[in-house]
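Visitor:
Protein chains: 2
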Amino acid sequence: MPVELPLDQILLGDCVEMMRLLPAGSVDCVFADPPYNLQLRGELRRPDDSLVDGVDDDWDKFGDFAEYDRFTREWLSEARRVMRKDATIWVIGSYHNIFRIGTILQDLGFWILNDVIWRKSNPMPNFRGRRFTNAHETMIWAARGKNSRYRFNYAAMKALNDDVQMRSDWLLPLCTGGERLRNAHGLKLHPTQKPESLLHRVLLASTGIDDIVLDPFTGTGTTAAMAKRLRRRFIGIERHPDYAEAAIGRFRRERPLAEGEAVATPAKRDVPRVPFGSLVEQGLVPPGTRLCDKSRRVSATVSPDGTLVAGSRRGSIHQVGAQLTNAPSCNGWTFWHLEQEGQLMPLDTLRDRLLAVRAEG
Amino acid sequence: MPVELPLDQILLGDCVEMMRLLPAGSVDCVFADPPYNLQLRGELRRPDDSLVDGVDDDWDKFGDFAEYDRFTREWLSEARRVMRKDATIWVIGSYHNIFRIGTILQDLGFWILNDVIWRKSNPMPNFRGRRFTNAHETMIWAARGKNSRYRFNYAAMKALNDDVQMRSDWLLPLCTGGERLRNAHGLKLHPTQKPESLLHRVLLASTGIDDIVLDPFTGTGTTAAMAKRLRRRFIGIERHPDYAEAAIGRFRRERPLAEGEAVATPAKRDVPRVPFGSLVEQGLVPPGTRLCDKSRRVSATVSPDGTLVAGSRRGSIHQVGAQLTNAPSCNGWTFWHLEQEGQLMPLDTLRDRLLAVRAEG
DNA sequence: TTCGACAGTGAATCTAGAC
DNA sequence: TGTCTAGATTCACTGTCGA
Numbered sequence: 001m002p003v004e005l006p007l008d009q010i011l012l013g014d015c016v017e018m019m020r021l022l023p024a025g026s027v028d029c030v031f032a033d034p035p036y037n038l039q040l041r042g043e044l045r046r047p048d049d050s051l052v053d054g055v056d057d058d059w060d061k062f063g064d065f066a067e068y069d070r071f072t073r074e075w076l077s078e079a080r081r082v083m084r085k086d087a088t089i090w091v092i093g094s095y096h097n098i099f100r101i102g103t104i105l106q107d108l109g110f111w112i113l114n115d116v117i118w119r120k121s122n123p124m125p126n127f128r129g130r131r132f133t134n135a136h137e138t139m140i141w142a143a144r145g146k147n148s149r150y151r152f153n154y155a156a157m158k159a160l161n162d163d164v165q166m167r168s169d170w171l172l173p174l175c176t177g178g179e180r181l182r183n184a185h186g187l188k189l190h191p192t193q194k195p196e197s198l199l200h201r202v203l204l205a206s207t208g209i210d211d212i213v214l215d216p217f218t219g220t221g222t223t224a225a226m227a228k229r230l231r232r233r234f235i236g237i238e239r240h241p242d243y244a245e246a247a248i249g250r251f252r253r254e255r256p257l258a259e260g261e262a263v264a265t266p267a268k269r270d271v272p273r274v275p276f277g278s279l280v281e282q283g284l285v286p287p288g289t290r291l292c293d294k295s296r297r298v299s300a301t302v303s304p305d306g307t308l309v310a311g312s313r314r315g316s317i318h319q320v321g322a323q324l325t326n327a328p329s330c331n332g333w334t335f336w337h338l339e340q341e342g343q344l345m346p347l348d349t350l351r352d353r354l355l356a357v358r359a360e361g
Numbered sequence: 001m002p003v004e005l006p007l008d009q010i011l012l013g014d015c016v017e018m019m020r021l022l023p024a025g026s027v028d029c030v031f032a033d034p035p036y037n038l039q040l041r042g043e044l045r046r047p048d049d050s051l052v053d054g055v056d057d058d059w060d061k062f063g064d065f066a067e068y069d070r071f072t073r074e075w076l077s078e079a080r081r082v083m084r085k086d087a088t089i090w091v092i093g094s095y096h097n098i099f100r101i102g103t104i105l106q107d108l109g110f111w112i113l114n115d116v117i118w119r120k121s122n123p124m125p126n127f128r129g130r131r132f133t134n135a136h137e138t139m140i141w142a143a144r145g146k147n148s149r150y151r152f153n154y155a156a157m158k159a160l161n162d163d164v165q166m167r168s169d170w171l172l173p174l175c176t177g178g179e180r181l182r183n184a185h186g187l188k189l190h191p192t193q194k195p196e197s198l199l200h201r202v203l204l205a206s207t208g209i210d211d212i213v214l215d216p217f218t219g220t221g222t223t224a225a226m227a228k229r230l231r232r233r234f235i236g237i238e239r240h241p242d243y244a245e246a247a248i249g250r251f252r253r254e255r256p257l258a259e260g261e262a263v264a265t266p267a268k269r270d271v272p273r274v275p276f277g278s279l280v281e282q283g284l285v286p287p288g289t290r291l292c293d294k295s296r297r298v299s300a301t302v303s304p305d306g307t308l309v310a311g312s313r314r315g316s317i318h319q320v321g322a323q324l325t326n327a328p329s330c331n332g333w334t335f336w337h338l339e340q341e342g343q344l345m346p347l348d349t350l351r352d353r354l355l356a357v358r359a360e361g
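Going line by line, the protein sequences match chains A and B.
If you read the first sequence in full-length UniProt numbering, its first letter stands for residue 1, the second for the next number, and so on.
If you read the second sequence in full-length UniProt numbering, its first letter stands for residue 1, the second for the next number, and so on.
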């Protein structure tokens, strides 16, 4: 058994084998982004006929659920051994694998603290229109055991979120632009590089300065870079020589923030956007309601999906308003009115009411 | 075996036993809000409502997970039997139980379509400041099997969301105010009554008018009420007499939307088909018209029989479009454009016009 | 320099109906 | 059950190029 921890290094090799070389109870926090076990069946094209570059790498191929479960149990068991009693672990995944990971975490004795939703501000759309846009990924945050006295930097999280408690859903963009590592041909080096903002928040929430962070699936080293920037210590493991090399270079280039430097970058405020459909769903404008314009010249009926119907016309509040008045465009929020106690009230007013209620909550 | 389905009824009893009485392949959609086995009032109850022995913190013991898993496998297996081949199921839960449910769904052969996040606009804050505010619940939406040709009302969902694709994260408020059922003392009747807006969206997304919806854990009957309002058929099961009674009363009081008012935006596939030839016949696109793509890179001439000719190529608008772009397929309706007053207009727009004229005539 | 048009792209389990 | 084909299907953002 080695007595020294390989701090601030990225080890090349299989994560289970490499973790076996680490002493028990030696790390404060684990962040893991394991293969998702996507099962893509064929090629997918965008409506403009361009090809989607899907994840078809060998490292994401598993025979069946049993094989994936075995793999998951193995690396999670080893990670648990390496964790201090009060350490916590983050695991990120999608619906393909996250349920299996959550189950195994619980079975191994981890104590789930939160499931945190990474809401992507710019996800890939669903091109075939057969499902909801897959616009999020799930992270499970768990302590080593039920009685762990884990670290949660409550005040830092609150400060980061305009002085209200940080919620379990985080709105963050994908890793794009200059942050994305590319090879000599300009192609992305890794198909699933995570954004720095995500790891920044994870480490800020659950670790302290000089804490030891382990990432058993380092990839291109986003965790490594953020750990160094935030003055945490880091141990990385990566099986792929190309990824490991890129991560090592990235880690070396990264500069730690000056000691004591403010590290809280405020969260991007979620701009409230209210589709007309929300007013319908939430009962402020029930389906079947009759709307009319200010002068009661034209009218239309509200459908359950928030469209208006007027004779054979159906469409959004804006579209139907424009059609009925033969105008090129129309602001349905101010055009359409609701009768309440003999008074006509524009939809706009109702929307303001919904926003006011939300702001209170 | 009964020959008649107990439609628009709420059955009092254990959901597994009651589902056994239903014929296989008989329902179109299942919505289930199973018990979480949270520790309420210091008691931990098993799925069969028996009290867990000993201290009140036993949920982490493997034995209890095993018991919950057994219960979950049982009711999900029975639900699957009752589902039509193309039916879908929704299950809602939190991090306490949703990972186990997701794993078992997959193991039973269900095919996950989305995990949908209900983001609560007004969640309960975290009082101890030891975790992130638990501000969401997770729903899993799955088809009965991998090859199910399930229903997804894409156009209705898009309309509901201001004409952009509905995402997998939904912002909706908790069930409060007048919607919340209360007993004679003004106390809430059910600890986790779901908001009507949530079920409104679920049913609008995944069912059609007159579809049969099953809710094996009816509780106070939000699914029942929304099914009736939206003119779906309903089968409910509830074990607790107080809840069943409340749900039955609520279901009886609920009024369905008028026929037609319950209709949402139809899928484009369901709109009457217009052959391109009829645009030619009716003079909207006279024979000899020159069509081109959006960027005017390729062009073709319209024949009297509605085929296109480009050099030596002749065929349907789709075939010629595909050939000229070397694409495996092509939607001629959106690919080909007509020049009108210097502007390029897709054939799709002309088709919409023809349909509108027909509807009025 | 600035602006607009256009092209490119991201962890994706992505068709339906007739024959 | 398979085979064939008509035709349905995208959002937010970044970067480049040309005027």
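Glycine included, each C-beta is placed from N, C-alpha and C at the ideal position.
(1) Starting from B:V274, find everything on chain A with Cβ-Cβ shorter than 8 Å and list it in chain order.
(2) Look up B:W325 in the DSSP assignment and say whether it is helix, strand or coil.
(3) In chain B, which residues lie with their C-beta within 7 Å of the C-beta of A:L113?
(4) What separation, rounded to the nearest whole angstrom, lies between the Cα atoms of B:V164 and A:I92?
(5) Could you tell me the distance, in whole angstroms, from the CA atom of B:L203 to the CA atom of A:T103?
(6) Can you tell me which residues form a DSSP beta bridge with A:A24?
(7) Measuring alpha carbon to alpha carbon, tell me which residue in B:L7, B:L308, B:N147, B:R229 is nearest B:L291.
(8) Using 8 Å as the limit for Cβ to Cβ distance, is A:S312 near chain B?
(9) According to DSSP, is A:Q106 part of a helix, a strand, or is it coil?
(10) Classify B:M345 as helix, strand or coil using the three-state DSSP reduction.
(11) Would you say A:L350 lies against chain B (beta-carbon separation less than 8 Å)?
(12) Which residues in chain B have a C-beta closer than 9 Å to the C-beta of A:A143? List them in chain order.
(13) How big is the Cα-Cα spacing for A:R250 and A:R233?
(14) Scan the stretch 91 to 102 of chain A for residues whose Cβ lies nearer than 9 Å to a Cβ of chain B and list them as they occur along the chain.
(15) Counting only the same chain and skipping the five closest in sequence on each side, list residues whose C-beta sits under 6 Å from that of A:L344.
(16) Under 8 Å Cβ to Cβ from A:D348, same chain only, skipping five residues before and after it: list those, please.
(17) So what's A:G236 in DSSP terms, helix, strand or just coil?
(18) Can you list the residues of chain B that A:S295 reaches, using a CB-CB cut of under 8 Å?
(19) Compare the Cα-Cα distances from A:S168 to each of B:P173, B:D64, B:N134 and report the closest residue.
(20) Look at the alpha carbon of B:I212 and the alpha carbon of B:L7, and state the distance between them as a whole number of angstroms.
(21) As a quick exercise: from A:N114, A:I112, A:L113, A:R119, pick the residue whose alpha carbon is nearest that of B:D115.
(22) Would you please verify whether the beta carbon of A:A356 is less than 8 Å from any beta carbon of chain B?
(23) Is any beta-carbon of chain A found at less than 8 Å from that of B:H337?
(24) Residues of chain B with CB closer than 8 Å to the CB of residue 362 of chain A, please, in chain order.
(25) Against chain B, with Cβ distances strictly below 8 Å, would A:I212 count as a contact?
(26) Between the beta-carbon of B:I112 and the beta-carbon of B:T138, is there less than 8 Å?
(27) From this set, A:M226, A:L230, A:A205, which residue's C-alpha is nearest residue 410 of chain A's C-alpha?
(28) On a Cα-Cα basis, can you pick out the residue from A:F276, A:D210, A:D215 that is closest to A:L22?
(29) For B:H190, which residues in the same chain have their Cβ closer than 7 Å to its Cβ, ignoring the five residues on either side in sequence?
(30) From B:K228 to B:E259, what does the alpha carbon distance come to, in whole angstroms?
(31) Is B:P241 buried or exposed, if buried means 16 or more other CB atoms sit within 10 Å of its CB?
(32) Could you tell me which whole beta strand (DSSP E) segments of length 3 or greater appear in the stretch 100 to 172 of chain B?
(33) Grab the span of the beta strand (DSSP E) containing B:K85 for me, first residue to last.
(34) Please tell me whether residue 372 of chain A and A:V55 are closer than 8 Å, where the distance is taken between their beta carbons.
(35) What first and last residue would you give for the beta strand (DSSP E) that runs through B:L284?
(36) Are the beta-carbon atoms belonging to A:I237 and A:C29 less than 8 Å from one another?
Guide: Here's the rundown:
(1) Those do not exist, as B:V274 stays about 15 Å from chain A at its closest Cβ, beyond 8 Å.
(2) Looking at the sequence provided, one finds Thr at residue 325 of chain B rather than Trp. The answer is helix: DSSP assigns B:T325 an H, G or I state.
(3) Within 7 Å Cβ-Cβ: R131.
(4) Their Cα atoms are separated by approximately 27 Å.
(5) C-alpha separation (whole angstroms): 29 Å.
(6) A:A24 pairs with nothing; no bridge assigned.
(7) In this structure, B:L308 is the residue among B:L7, B:L308, B:N147, B:R229 with its C-alpha nearest to the C-alpha of B:L291.
(8) Closer than 8 Å to some Cβ of chain B, the Cβ of A:S312 qualifies, so yes.
(9) A:Q106 falls in the helix class under three-state DSSP.
(10) Residue state, collapsed to three classes: strand.
(11) With 8 Å as the cut-off, A:L350 does not count as an interface residue toward chain B.
(12) Simply none; closest approach about 10 Å.
(13) The alpha-carbon atoms of A:R250 and A:R233 are separated by roughly 15 Å.
(14) Under the 9 Å Cβ criterion, the stretch 91 to 102 of chain A contributes S94, Y95, H96, I98, F99, R100, I101, G102.
(15) For A:L344, where only same-chain residues beyond five positions count, the Cβ hits under 6 Å are H337.
(16) So the list reads W333, T334, once near-sequence residues are dropped.
(17) Strand, per DSSP.
(18) For a Cβ distance threshold of 8 Å, nothing in chain B lies close to A:S295: the least Cβ distance comes to about 24 Å.
(19) Ranking B:P173, B:D64, B:N134 by Cα distance to A:S168 puts B:N134 first.
(20) Whole-angstrom Cα-Cα distance: 8 Å.
(21) Considering only alpha carbons, the answer is A:R119.
(22) For A:A356, the answer is no, since every Cβ of chain B falls outside 8 Å of its Cβ.
(23) Taking Cβ atoms only, chain A never reaches closer than 8 Å to B:H337, which makes this a no.
(24) No answer is possible for residue 362 of chain A: it lies beyond the span of chain A, which begins at 1 and ends at 361.
(25) Interface annotation, A:I212: not in contact with chain B, CB-CB separation never under 8 Å.
(26) In this structure, B:I112 sits away from B:T138, with a CB-CB distance that is not shorter than 8 Å.
(27) The first residue shown for chain A is 1 and the last is 361, placing residue 410 of chain A beyond what the model contains.
(28) The residue with the shortest Cα to Cα distance from A:L22 is A:D215.
(29) Correct list, in chain order: L181, G219, T220, Y243.
(30) Cα-Cα distance, rounded: 12 Å.
(31) It counts as exposed.
(32) Counting whole runs of 3 or more residues, the stretch 100 to 172 of chain B contains the beta strand (DSSP E) stretches 111 to 120, 136 to 143, 169 to 172.
(33) Where B:K85 is concerned, the enclosing beta strand (DSSP E) starts and stops at 83 to 93.
(34) An answer regarding residue 372 of chain A cannot be provided, because it is not within the stretch 1 to 361 covered by chain A.
(35) No beta strand (DSSP E) contains B:L284, which DSSP labels as neither H nor E.
(36) For A:I237 and A:C29, no; Cβs fall outside 8 Å.
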